[in-house]
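Asker: If you're matching positions, the sequence shown starts at 187 in the working numbering and goes up one per residue. Ideal Cβ placement from N, Cα and C applies to all residues, glycine included. Because the structure is a prediction, the values reported are computed rather than measured. First the structure, which I've put down as structure tokens, then a few questions once you've had a look.
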Amino acid sequence: MSEAGAGRPLAAFGRRILKVTRNEQLGAYRLLWVDDAAGPVPAPGQFAMIAAAERWGGGCDERPYLARAFSIARRLGNGEAAFMLEDVGPGTKRLCELRRGEGLAVLGPLGRGFSPAAAGQRLAVVGGGVGIAPLAILQDALVAAGAEHVTLLGFRDRVHAEAATLLGDPLVATDDGSVGHQGFVTELLEAELQRDPRLAVRACGPPPMLEAVRAICARAGVPAELALEAPMACGFGSCYGCVVPRRDGSYLRVCVDGPVVDAEQLERVA
Ligand code: FES
């Protein structure tokens with residue numbers, strides 16, 4: 187069993203306040219960029235706990251929002267780092283509102299990321315919805331290394347599928363058929379697995395998609411690493427809010443043993 191992302195970059199000590207440099211629309215999502223030139227270079231698949239530095243409760247009479255875990259979506263040579271956001275509630279709304287010059291409180295990079303392909307493997311990079319975020323920085327690393335790969339992305343409709351432009355040369359599936367294949371991204375994966383017996387999978391997306399990827403790969407005997415989601419309060423192993431069961435009856439903490447885990451560790455993705 188591989189240990190995903192062993193030897194990972196460690197977070198700088200404490201929470202850092204980084205300046206927002208850009209906030210861009212990306213279909214149904216926002217891409218929030220910060221200047222992190224002084225921070226550690228993240229490994230693909232690592233995440234950070236982020237919160238708005240000001241108005242982080244939305245107003246003095248409102249309940250404060252907790253910092254939230256977001257995958258690091260991209261890191262540029264000038265030190266800019268990006269997070270992909272979806273406005274799904276008051277906390278993410280505040281993050282989506284951040285403008286150039288405002289502060290973002292960041293703890294990270296945290297967790298274990300994706301492993302490189304083993305000799306002779308070709309990677310299938312498989313993502314769904316906002317879960318494509320860590321696959322962008324992964325693909326950047328694969329391109330830089332000249333590593334063979336295929337990118338398969340799934341979205342609900344055309345507006346959400348605009349986020350596919352974050353990655354190069356993807357095959358896209360949409361639920362409504364408005365872009366690419368009509369159906370699930372896992373159908374694209376099954377077709378690729380039939381074509382190429384050398385495939386190994388790196389995946390991130392909503393739990394039902396990850397469970398389908400896990401089951402397909404288990405049936406086909408294909409190695410897979412999955413970037414898991416879990417509710418996270420601390421992000422560094424203290425609160426045990428993020429535990430998920432392993433196949434062997436023990437538990438893993440998604441924030442420190444993951445978020446990227448070898449699929450063989452799991453009976454299923456819940
Ligand atoms: Fe606290 Fe994982 S988020 S232990």
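1. Comparing C-alpha positions only, which one of Ala389, Glu283, Val399 and Phe341 sits nearest to valine 206?
2. Flag this pair as yes or no: are the beta carbons of valine 316 and leucine 339 separated by less than 9 angstroms?
3. Quick one: what's isoleucine 236 bridged to in DSSP?
4. Spatial neighbours of glutamate 334 within its chain, please: C-beta separation below 7 angstroms, excluding the five flanking residues on both sides.
5. Given a cut-off of 9 angstroms, decide if isoleucine 323 and arginine 241 are closer than it, judged by their beta-carbon atoms.
6. Apart from the five residues on each side of it in sequence, which residues of its chain come closer than 8 angstroms, Cβ to Cβ, to threonine 278?
7. Using only alpha-carbon positions, find the residue among Ala347, Leu204 and Ser257 that is nearest to glycine 287.
8. Could you compute how far the alpha carbon of proline 392 sits from the alpha carbon of alanine 224?
9. Going by DSSP in three states, aspartate 326 sits in which element: helix, strand or coil?
10. Which residue wins for smallest C-alpha separation from glycine 265, given the options Gly213, Pro226 and Thr360?
11. Is alanine 253 close to the ligand FES? I mean its beta-carbon at under 8 angstroms from any heavy atom of the ligand.
12. Which stretch, first to last residue, makes up the beta strand (DSSP E) that contains leucine 339?
13. Taking buried to mean at least 16 other C-beta atoms within 10 Å of its own C-beta, is valine 274 buried or exposed?
Answerer: The relevant details are as follows:
1. On the sequence shown, position 20 is the one that residue 206 refers to. Closest by alpha carbon: Glu283.
2. If you number the sequence shown from 1, residue 316 lands on position 130. If you number the sequence shown from 1, residue 339 lands on position 153. Not in contact: valine 316 and leucine 339 (Cβ atoms no closer than 9 angstroms).
3. Taking the sequence shown and counting its residues from 1, one reaches residue 236 at position 50. Paired residues: Arg254 and Val292.
4. The residue labelled residue 334 in the question sits at position 148 within the sequence shown. Hits under 7 angstroms: Arg308.
5. To locate residue 241, count along the sequence shown from 1; it is residue 55. To locate residue 323, count along the sequence shown from 1; it is residue 137. No, Cβ-Cβ distance for arginine 241 and isoleucine 323 is not below 9 angstroms.
6. As a working note, residue 278 is residue 92 in the sequence shown. Excluding residues within five positions, the ones whose Cβ falls inside 8 angstroms are Arg254, Leu271 and Glu272.
7. Reading the sequence shown from its first residue, position 101 is the one you call residue 287. If we check each option's Cα against that of glycine 287, Leu204 comes out closest.
8. Locating residue 392 in the sequence shown gives position 206, counting from the first residue. Locating residue 224 in the sequence shown gives position 38, counting from the first residue. In a straight line, the C-alpha of proline 392 is about 32 angstroms away from that of alanine 224.
9. What you label residue 326 is simply residue 140 of the sequence shown in a count that begins at 1. It is helical.
10. Indexing the sequence shown from 1 puts residue 265 at position 79. Of the candidates Gly213, Pro226 and Thr360, the one whose C-alpha sits nearest the C-alpha of glycine 265 is Pro226.
11. Residue mapping note: residue 253 aligns to position 67 of the sequence shown, counting from 1. No; taking the cut-off as 8 angstroms, the Cβ of alanine 253 has no heavy atom of the ligand FES nearer than that.
12. The residue you call residue 339 lines up with position 153 of the sequence shown. Counting along the chain, the beta strand (DSSP E) containing leucine 339 begins and ends at 335 to 341.
13. Translated into positions along the sequence shown, residue 274 becomes position 88. Exposed, because fewer than 16 other Cβ atoms sit within 10 Å of the Cβ of valine 274.
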